[in-house]
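The next block holds one structure in the form of structure tokens; read it before the comments.
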Amino acid sequence: MNYQALFEQIKKKKSFLCVGLDSDIKKIPSHLLDTEDPVFEFNKEIVDATAEFTVAYKPNIAFYECRGAQGWNSLEKTVNYIKEKYPEIFLIADAKRGDIGNTSKMYASAFLENMPFDSITVAPYMGEDSVTPFLEYENKWVILLALTSNKGAFDLQFFQEGEQKLFEKVLEKSQDWGTKENMMYVVGATKAEMLGGIRKIAPDHFLLVPGVGAQGGSLQEVAKYGMNESCGLLVNSSRGVIFADTSENFAKVAGEKAKELQLEMEDLLKEKSVL
Numbered sequence: 018m019n020y021q022a023l024f025e026q027i028k029k030k031k032s033f034l035c036v037g038l039d040s041d042i043k044k045i046p047s048h049l050l051d052t053e054d055p056v057f058e059f060n061k062e063i064v065d066a067t068a069e070f071t072v073a074y075k076p077n078i079a080f081y082e083c084r085g086a087q088g089w090n091s092l093e094k095t096v097n098y099i100k101e102k103y104p105e106i107f108l109i110a111d112a113k114r115g116d117i118g119n120t121s122k123m124y125a126s127a128f129l130e131n132m133p134f135d136s137i138t139v140a141p142y143m144g145e146d147s148v149t150p151f152l153e154y155e156n157k158w159v160i161l162l163a164l165t166s167n168k169g170a171f172d173l174q175f176f177q178e179g180e181q182k183l184f185e186k187v188l189e190k191s192q193d194w195g196t197k198e199n200m201m202y203v204v205g206a207t208k209a210e211m212l213g214g215i216r217k218i219a220p221d222h223f224l225l226v227p228g229v230g231a232q233g234g235s236l237q238e239v240a241k242y243g244m245n246e247s248c249g250l251l252v253n254s255s256r257g258v259i260f261a262d263t264s265e266n267f268a269k270v271a272g273e274k275a276k277e278l279q280l281e282m283e284d285l286l287k288e289k290s291v292l
């Protein structure tokens, strides 16, 4: 999926919602635990209930790989189901990989070749040769960690040399490696007021913004400071959608929560004259 195709989906669905499939088997409704693959059944129902309001799904790989082969099987079934039934939806492997070149090539092959993901989150700490192997796949994306929403972000990301902070250096330098057509950035919603400065460095790139909802980020603030003329945002909600209810009605409630976010996003897109 290229930049224009993603923008067209945003306009068509009037949404820039990404649903995070952080499908913790300890939290999924108990009535699913007797099924052959509880995590896949949970994901399938969540996807079917939210797909009309959503332009992206983001499985967090940790919740799958911690379960070994069974978890990887659930992940593969999930992403294959999404691509078969909802091929227009953008799929993000939230894997946060990044290693020396040969190892990065193997990680890239695992997620962008052997599984039908459109993109993968990548840690930039090891520099250009750890990132570029992920950029070798046509119409696939790297989503580079730039400014995260966790408390530990202040340990390193705000280190300053001269007038430039480390996360600003990442944003600036990485644009030598990729373009707005194949590189996005992770920017936490709890630091929404900093999106204005980020837009000065990366005005056209899409930003993946986690932290809205359960983590306290404001959708209105994210749109105010981060939206550009092509929207330029994928705003993620995980727990606030998928674990909004743990009864047998969990999927229905998830759909309602996704619709609430979509309607709010529609208003923001109109307000910013994107629609």
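According to the working numbering, the sequence shown is numbered sequentially starting from 18.
Where a beta carbon is used, it is the ideal one built from N, C-alpha and C, also for glycine.
Predicted model, so just to flag it, every value in this text is computed and none were measured.
Check	Outcome
What residue range does the alpha helix (DSSP H) around Ser254 cover?	Looking at the DSSP string, Ser254 is not in any alpha helix (DSSP H); the run it does join, the beta strand (DSSP E), is Leu250 to Ser254.
Smallest Cα separation from Leu286: which of Gln26, Ala79 and Tyr103?	Gln26
Specify, as a first and last residue, the run of the beta strand (DSSP E) that Arg84 falls within.	Per DSSP, Arg84 belongs to no beta strand (DSSP E) and is neither H nor E.
Have a look at the DSSP bridge pairing and note the partners of Met200.	Val159
Buried or exposed for Lys168, going by 16 or more other Cβ atoms inside 10 Å?	exposed
Under a three-way DSSP split, which group does Lys75 fall into?	strand
Leaving out the 5 sequence neighbours to the left and right, which residues in its chain are closer than 7 Å to Glu105 when beta-carbon positions are compared?	Gln26
Going along the chain, which residues of its own chain have a beta-carbon closer than 6 Å to the beta-carbon of Asn97, five neighbours each way excluded?	none
Report the rounded CA-to-CA distance for Ala112 versus Lys289, giving the unit in angstroms.	32 Å
Excluding sequence positions up to five away, which residues of its chain have a Cβ less than 8 Å from the Cβ of Gln177?	Leu183
Determine, using beta carbons only, whether Asn77 comes closer than 9 Å to chain B.	Given the protein chain composition of this structure (a single chain), no chain B is represented.
Leaving aside the five residues before and after Cys248 along the sequence, list all residues of the same chain whose C-beta is less than 6 Å from its C-beta, in chain order.	Ile27, Phe33 and Val291
Counting C-beta neighbours from all protein chains within 10 Å, is the total for Pro220 16 or more, i.e. buried, or is it exposed?	exposed
Short check: CB of Leu38 to CB of Asn77, under 9 Å?	yes
Using the beta-carbon count (16 or more within 10 Å), is Lys190 buried or exposed?	exposed
What is the DSSP secondary structure of Glu178, reduced to helix, strand or coil?	strand
In terms of alpha-carbon separation, which member of Tyr74, Leu50, Leu224 and His48 lies closest to Ala275?	Tyr74
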